[in-house]
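In the numbering used here, the protein residues as written are 1 to 158.
Okay, structure coming up:
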């Protein structure tokens with residue numbers, strides 16, 4: 001993982017809008033001082049947890065701290081979001097439940113990696129084609145980007 005894992009649980013709503021919409025979503029998008037990019041999706045099939053996966057993306061912030069309010073994707077239903085923050089290449093520990101993305105410090109943009117866990121996938125497995133991820137921030141508002149699969153979708157459970 002790029003940064004250490006620091007959990008921050010918030011509500012995640014994942015909607016069924018169809019993977020075809022990913023073709024219309026850009027790879028990078030801006031909302032206020034925030035730029036969302038490098039969105040990926042990964043799936044797995046575990047005997048302990050069943051079918052699951054995650055969507056992840058990077059947030060570059062040129063302004064004040066902001067907070068992730070929700071993450072939406074057609075890939076699966078509600079799960080948990082964790083935010084990993086790096087400042088000058090060093091991981092910053094967040095308080096439990098903190099879903100804030102890093103603010104700019106001394107003219108340097110704040111960088112955060114946000115991960116939304118997917119559980120009980122609606123279609124039995126995550127898509128093996130790009131899908132959309134819509135992120136809503138408390139201050140900057142909403143932004144939608146295309147998420148690229150970084151692993152093949154797992155086979156259906158038997």
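Positions of the beta carbon are idealized from the N, C-alpha and C atoms, including for glycine.
Could you give the residue range of the beta strand (DSSP E) that holds residue i?
i	result
residue 136	131 to 137
residue 149	141 to 149
residue 93	From DSSP, residue 93 is part of no beta strand (DSSP E); its letter is neither H nor E.
residue 66	66 to 72
residue 103	Per DSSP, residue 103 belongs to no beta strand (DSSP E) and is neither H nor E.
residue 31	29 to 31
Return the CA-CA distance between residue i and residue j, expressed in angstroms with no decimal places.
i	j	result
residue 116	residue 138	17 Å
residue 90	residue 101	14 Å
residue 25	residue 37	11 Å
residue 109	residue 74	30 Å
residue 106	residue 41	33 Å
residue 131	residue 28	14 Å
Considering only C-alpha positions, which residue in the set the options is nearest to residue i?
i	options	result
residue 64	145, 134 and 140	140
residue 129	103, 147 and 110	147
residue 70	149, 150 and 143	143
residue 104	74, 151, 133 and 59	59
residue 72	92, 145 and 133	133
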